[in-house]
Amino acid sequence: MIHIATIYWNTARWIAPQHAYLRQHVKSDFRVYAWLNNIPDARTDSFYYSCSEPVTPHAVKLNLLADIILASTHRQDDLLIFIDGDAFPIGDIETLIRNKLATTELVAVQRLENNGDLQPHPCFCATTVGFWRKIKGDWKEGYRWKNKNGQDVTDVGANLLGQLNQLGIKWSPLLRSNRVDPHPLFFGIYADAVYHHDAGFRKGECRVDTVNLQPKPGDHLLAKLIPGYKRVLRQKAKAKVDEVVAKNDELSEQIYQKILQNPQFYRQFI
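For the sequence shown, our numbering assigns the number 402 to the initial residue and increments by one for each residue that follows.
If you want it as structure tokens, here you go:
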């Protein structure tokens, strides 16, 4: 049995596409356990378990879903998959998982393109029930690493990375494999087997965009010398961010419509 934990936020629009791709690419029996935040009209008949409690932290919801899955099975070799609500398999993911787990304990997306993030990312992560139970897996932030700019950072999945490092446990990263990149972070293909939209439940703002919109070194000096210049800088930065987010949102909607219209939409990226 395969147990799949997923989360939807504020909209049910990703439920049908995700389930269609799961049915197409997961051949074994599977159960979907879902957290439905602020989606009162969502149909729940396609879920083995669903919850709509108003819990906010993403990592907490993932941990709670994992607890529910562990309580539902005693089979240590059952597969446990975490997947974002706007992500889904586009290839033979089950074979990929089983091949990877033959030599490592966990397989997950690693988003090096997000300023050098090192942690297993919950947009897609797979392991066994037994391993997750053994390490008492934790998706919360806390453990820190240095990004490609040398800054200490943490994010969802950080504590899981810390657990793996502390225990000396090897895991298999799934890396971005886009041949065509409509955006450096969003709309990613991983190991030619998983698609992650990434802008499905939020505005299209991300670090890889905004890091290039920061004030130049000379701007800080001018802000000290010229009254009101700091406010002007903030206004310019906000205008630039708003422009980038609007473009990302427009592209996100265009690609979402392609997902609905063409089951092979992802081939434009590979």
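Where is the CB? At the ideal position from N, CA and C, for every residue including glycine. This structure is a prediction, so every number in the text was calculated from the model and none was measured.
For the pair Asp468 and Asp599, the CB atoms are not nearer than the 8 Å cut-off. Taken in chain order, the complete alpha helix (DSSP H) segments of 4 residues or longer contained in the stretch 509-597 are 530-536, 559-568. For the 8 Å CB-CB criterion, Asn560 and Glu542 form a contact.
Spanning the alpha carbons of Asp442 and Gly589 requires a straight line of approximately 29 Å. Secondary structure at Pro418: helix, using DSSP grouped into helix, strand and coil. Remark: fewer than three beta-carbon pairs, one from each stretch, lie closer than 8 Å, so the stretch 550-557 and the stretch 569-577 are not flagged as touching. Taking 8 Å as the cut-off, the Cβ atoms of Pro458 and Gln511 do not count as close.
By the neighbour-count definition (other C-beta atoms within 10 Å, threshold 16), His522 is a buried residue. Bridge partners of His459 according to DSSP: none are assigned.
Between the alpha carbons of Gly538 and Leu481 lies a distance of about 12 Å.
Annotation: the continuous alpha helix (DSSP H) that includes Asn500 extends over 494-502. Per DSSP, the continuous beta strand (DSSP E) segment holding Val433 begins and ends at 431-438. According to the DSSP assignment, Asp610 belongs to the alpha helix (DSSP H) that extends over 608-611. Counting along the chain, Ser451 sits inside the beta strand (DSSP E) bounded by residues 450-452.
In the assembly as shown, Lys604 is an exposed residue. Its beta-carbon has fewer than 16 other beta-carbons within 10 Å. Listed in chain order, the non-local C-beta contacts of Gln477 below 7 Å within the same chain comprise Thr529, Val530, Gly531, local neighbours out to five positions each way being set aside. In chain order, His426, Ala594 place their CB closer than 6 Å to the CB of Ile494, counting only its own chain and leaving out the 5 sequence neighbours on each side. The shortest CA-to-CA distance from Leu465 to any of Phe431, Asp446, Ile408, Ile498 is the one to Ile408. Ile498 is the residue among Ile498, Thr555, Thr504, Leu519 whose C-alpha sits nearest the C-alpha of Ser429.
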